[in-house]
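Data block below; observations after.
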Amino acid sequence: MRFALRNKTKLIKAFDESYYNLLMESLKQHFKNSEEIQTYSIEGEKYQIIDVPNVQPNTDSCFQFAVIRVKYDVLTLAYYSCFG
Numbered sequence: 028m029r030f031a032l033r034n035k036t037k038l039i040k041a042f043d044e045s046y047y048n049l050l051m052e053s054l055k056q057h058f059k060n061s062e063e064i065q066t067y068s069i070e071g072e073k074y075q076i077i078d079v080p081n082v083q084p085n086t087d088s089c090f091q092f093a094v095i096r097v098k099y100d101v102l103t104l105a106y107y108s109c110f111g
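FYI, in our numbering the residues of the sequence shown are 28 to 111.
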């Protein structure tokens, strides 16, 4: 399974490039270590959500991404939030 994260420019502008790089590294590690990507629904939301653990050491937070589209083996993702 592969992924594509939407809105790179908007994410960098809203947060900064280091946060965007953290999101990308976390996604890369998650997709590398997971054979099957688990999705779930949030009531009132249109898209399925995946949780991705933060790769920073000594951190218990997770990032949430909305699955915008699935085509072939590629998930198109949009950043949703961070929790933890």
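We put the beta carbon where it would ideally sit given N, CA and C, even for glycine.
Values in this document were obtained by computation on a predicted structure and should not be read as measured data.
Close Cβ partners of R33 (< 6 Å) along its chain, the five nearest in sequence each way excluded: Looking up residue 33 in the sequence shown gives position 6. Around R33: A105.
Given I39 as reference, the closest of S53, A31 and L49 once Cα atoms are compared: Here residue 39 is taken as the residue at index 12 of the sequence shown, counted from 1. Ranking the options by Cα distance to I39, first place goes to L49.
Helix, strand or coil at T36 according to DSSP, with G and I counted as helix: Mapped onto the sequence shown, residue 36 falls at position 9. Helix at T36.
Identified DSSP bridge partners for T103: As a first step, residue 103 is located in the sequence shown; it is residue number 76 there, counting from the start. Beta-bridge pairing links T103 to A31 and R96.
Contact under 8 Å by Cβ, I76 with Y107: Taking the sequence shown and counting its residues from 1, the one referred to as residue 76 is at position 49. Taking the sequence shown and counting its residues from 1, the one referred to as residue 107 is at position 80. Yes, Cβ-Cβ distance for I76 and Y107 is below 8 Å.
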